[in-house]
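Protein chains in written order, with the UniProt record's numbering: chain H, 1 to 297; chain F, 1 to 309.
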Amino acid sequence: MSRAVKGTILVAGQELTISNPDKLLWPEMGITKAVFLQRLAGLAPWLLKHCQDRLLTTIRFPDGVNGKSFYQKNCPTPAPDFVETEPQGGIDYVKLTSLPVLLWLGNLACLEYHASFDRVSDPAHPTEWVLDLDPSLEEEPRIMEAALLAGDLLRSLGIASTAKTSGATGVQIIVPVIRDLTFDELRRIGEFVGTYLSDKHPKLFTVERLKKHRGDLIYVDYLQHYQGKTIIAPYSPRARAAASVSTPLHWDEVRRDAAIADYHLLNIEKRLQREGDLLDRIPAQSLRPILSFIGKR
Amino acid sequence: MHTVWKGAISFGLVHVPVKMFSATEDKDISMKLIHRVCGSNVSYIRKCPTCEVEVEWDDIVKGYEYEKGRYVLFEKDELEQLSGEATKTINILDFVALEEIDPIYFQKTYYLSPDQAGGNAYNLLLEAMRQSGRIGIAKVSIRSKSSLAAIRIIDDCLAMETIFYPDEIRSVSQVPGLPDSVNVNEKELMMARMLIEQLSTPFEPAKYKDDYRDRLMDLIQHKIAGEDVSVAPEAQKTNVLDLMAALQASLEAVKLPPNAPGGLDTNAAGGAAPGDAAQPAADAAGGSEVVAKVKTSRPRKSKKEDTVS
């Protein structure tokens, strides 16, 4: 057994113990825990923003992305004093509210950060509507084409949206909404849009729920959009070989067939400093007129 | 042929287990009812006008309306018990001559075949009825309804005709416009009788055909061949595609002048307050473009370094 390396850093006035800084978390990218924590600190303002007021689920990979992993909803113990939790349904969720909390989780090899769709402060009223385009293929060359079709369809309905890579294989279409519709109502729009896409482009999309019946089609997952369910947070790293980061894209990038793996831990910070958060560029909209239209039929 | 009923013929101490089959079939060409507008087969819905819900069979009972809007209710087994269906017997009461029954009484014919080990008793009844030349008058209950029936022989098979009860048959006296007295011209009567003589022939059922059905089937074949057919839309499909088109059209109608193309990023830039979401959203709609898969076109902005490390 090699000797465990430990050190203490001071982050925003909080002391934090870092263990095994040289452990390779993303061996293919040469990213050690030390590098990861540095990058995580760079991502912090954006990642924290999108985890704010939401229930956090992380996935821990103690031995790096190629090792075993487990989901973590409950706050691990012992937790430093600066970690606050949000008790909900028997689970003590970590409130990801500050850089020290994020780095503490990072040190525990929490590589992925999944946030609930619902807001802790107002769980019944989502602040965005999400269509998850989930390819059946591990490598789906048509994913950006699919995202563009979905985005253009929404645009034809007067809905402005942002495509965001999942960082893994899929793309999510995010529509910020004002809090006037429930999850159930938004899912009805999702069903309508999903069914339309799969009818209009039967060789590309499907709304088939059973994975084994999807073939090589891209699943339009509107059913994920529930209170209590989670989605990979914008700017969360993924436990993929490329150390990809879930990244909102310009539609131009989608048109150019951007590769999901091109947005990763080592370059994301620069992009964010230059572009800012693309999710901020679209105002919250009301989808009520669309819902009323569907409802009439 | 599939069994429509199982039970036994009973007369005196004789008990003949039998299965029942329909002896006739309706060859009418059945037509579905189609919604002229979209070509779908219309569906029937049992609907409760009060609750405004579609009613499942489980939630349905029979009720007798003894005065307007007031019913006494009956469960299925209650009626079965009453009709004697539970006993499953064709109870022969009398034997009569066939000629004594006017054809007006006959309803529907069923064949009976021996069931289980009933072959001997079946043959005994068959032979005895053949030799006596009589037919049995019986009571039977099928589907919660009690009927009168005639049991007779067709070739080597027992057959059952359900027959009407006398009070179910209307009297000729109720037919309007019948002449009071017979007063006909002798010559005309002769002519008519001659005509009847000429057309008289043994009954050969095979020579009569349902011409209407043949002509209709012909027309059906022609329509199919000529593709003059109406195809029901795959319900959901057209629905959602049409609905989307209608929705887009209705949005198109209120669309603002189109902006310069470029997509949502530029159009909807700036964090507008959540309250006035409708306007920017409509702006974004204005930039709608035809989608094409563009894989290698040159990036509009020369910010290439953002995608590489």
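All C-beta atoms in this analysis are idealised placements derived from N, C-alpha and C, irrespective of residue type, glycine included.
Cα-Cα separation between residue i and residue j, rounded to whole angstroms
i: P100 (chain H); j: L16 (chain H); result: 7 Å
i: M194 (chain F); j: T201 (chain F); result: 13 Å
i: P274 (chain F); j: F70 (chain H); result: With a pLDDT of 37 at P274 (chain F), under the threshold of 50, the modelled position of this residue cannot be trusted, and the question is left open.
i: R255 (chain H); j: Q88 (chain H); result: 41 Å
i: Y110 (chain F); j: E100 (chain F); result: 20 Å
i: L223 (chain H); j: E191 (chain H); result: 8 Å
i: L154 (chain H); j: E56 (chain F); result: 39 Å
i: G13 (chain H); j: S98 (chain H); result: 11 Å
i: V294 (chain F); j: K6 (chain H); result: Any reading at V294 (chain F) must be qualified, since the residue scores a pLDDT of 38, below 50, and its modelled position is unreliable; the value itself is stated next. The alpha-carbon atoms of V294 (chain F) and K6 (chain H) are separated by roughly 50 Å.
i: L278 (chain H); j: P289 (chain H); result: 25 Å
i: R271 (chain H); j: G39 (chain F); result: 55 Å
i: E54 (chain F); j: E75 (chain F); result: 20 Å
i: residue 362 (chain F); j: I29 (chain F); result: For residue 362 (chain F) there is no data in the structure shown, the boundaries of chain F being 1 and 309.
i: I31 (chain H); j: P237 (chain H); result: 12 Å
i: K19 (chain F); j: N120 (chain F); result: 15 Å
i: I59 (chain H); j: T77 (chain H); result: 16 Å
i: I9 (chain H); j: F36 (chain H); result: 15 Å
i: S113 (chain F); j: L124 (chain F); result: 13 Å
i: R36 (chain F); j: A246 (chain F); result: 20 Å
i: D63 (chain H); j: M29 (chain H); result: 15 Å
i: Q72 (chain H); j: A41 (chain H); result: 21 Å
i: P49 (chain F); j: Y64 (chain F); result: 18 Å
i: Y105 (chain F); j: I224 (chain F); result: 42 Å
Under 8 Å between C-beta atoms of residue i and residue j
i: I232 (chain H); j: H114 (chain H); result: yes
i: S156 (chain H); j: Q248 (chain F); result: yes
i: A284 (chain H); j: T127 (chain H); result: yes
i: A147 (chain H); j: A163 (chain H); result: yes
i: T182 (chain H); j: Y263 (chain H); result: no
i: G170 (chain H); j: D216 (chain H); result: no
i: L241 (chain F); j: Y219 (chain H); result: no
i: residue 306 (chain H); j: L251 (chain F); result: No answer is possible for residue 306 (chain H): it lies beyond the span of chain H, which begins at 1 and ends at 297.
i: F82 (chain H); j: K229 (chain H); result: no
i: V177 (chain H); j: L55 (chain H); result: no
i: T24 (chain F); j: K145 (chain F); result: no
i: A160 (chain H); j: L131 (chain H); result: no
i: V245 (chain H); j: G167 (chain H); result: yes
i: K139 (chain F); j: G7 (chain F); result: no
i: V61 (chain F); j: L73 (chain F); result: yes
i: D92 (chain H); j: C110 (chain H); result: no
i: M129 (chain F); j: I153 (chain F); result: yes
i: E112 (chain H); j: A241 (chain H); result: no
i: residue 298 (chain H); j: P234 (chain H); result: In the structure as shown, chain H begins at 1 and stops at 297. Residue 298 (chain H) is therefore absent and cannot be evaluated.
i: I34 (chain F); j: I90 (chain F); result: no
i: L186 (chain H); j: W129 (chain H); result: yes
i: L43 (chain H); j: E269 (chain H); result: yes
i: S10 (chain F); j: I142 (chain F); result: no
i: P17 (chain F); j: D115 (chain F); result: yes
i: K33 (chain H); j: P45 (chain H); result: no
i: R134 (chain F); j: V182 (chain F); result: no
i: D53 (chain H); j: S121 (chain H); result: yes
Start-to-end residues for the alpha helix (DSSP H) that takes in residue i
i: N185 (chain F); result: Element bounds for N185 (chain F): n/a, residue is neither H nor E.
i: A147 (chain H); result: 143-156
i: E275 (chain H); result: 268-275
i: Q88 (chain H); result: Premise fails: Q88 (chain H) lies in the beta strand (DSSP E), 85-88, not in any alpha helix (DSSP H).
i: C51 (chain H); result: 33-51
i: A121 (chain F); result: 119-132
i: H222 (chain F); result: 211-225
i: G106 (chain H); result: 99-107
i: E253 (chain H); result: 251-255
Range covered by the beta strand (DSSP E) that runs through residue i
i: G13 (chain H); result: Premise fails: G13 (chain H) is in no beta strand (DSSP E) and is neither H nor E.
i: G194 (chain H); result: Note, G194 (chain H): premise wrong, no beta strand (DSSP E); alpha helix (DSSP H) at 183-200.
i: M20 (chain F); result: 14-22
i: E67 (chain F); result: 62-67
i: P135 (chain H); result: 128-135
i: E112 (chain H); result: 110-119
i: M160 (chain F); result: 157-163
i: R54 (chain H); result: 54-60
i: G136 (chain F); result: 135-142
Counting only Cβ-Cβ distances shorter than 7 Å, please list the residues of the segment 169-196 of chain H near chain F, keeping chain order.
I178, F192, T195, Y196
The segment 46-78 of chain H: positions lying closer than 7 Å to chain F by Cβ
none
Under 8 Å, CB to CB, which of the residues in the UniProt domain "Ku" (52-180) of chain F have a partner in chain H?
none
Closer than 8 Å, Cβ to any Cβ of chain F: which residues of the segment 108-138 of chain H, in chain order?
none
Under 9 Å (Cβ pairs) to chain F, residues found in the segment 199-213 of chain H
D199, K200
Can you list, in chain order, the residues of the segment 154-169 of chain H whose Cβ is nearer than 8 Å to any Cβ on chain F?
R155, S156, L157, G158, I159, A160, S161, T162
Which residues of the segment 86-103 of chain H have a Cβ closer than 7 Å to any Cβ of chain F? Give them in chain order.
Those residues of the segment 86-103 of chain H placed with their C-beta closer than 7 Å to a C-beta in chain F do not exist.
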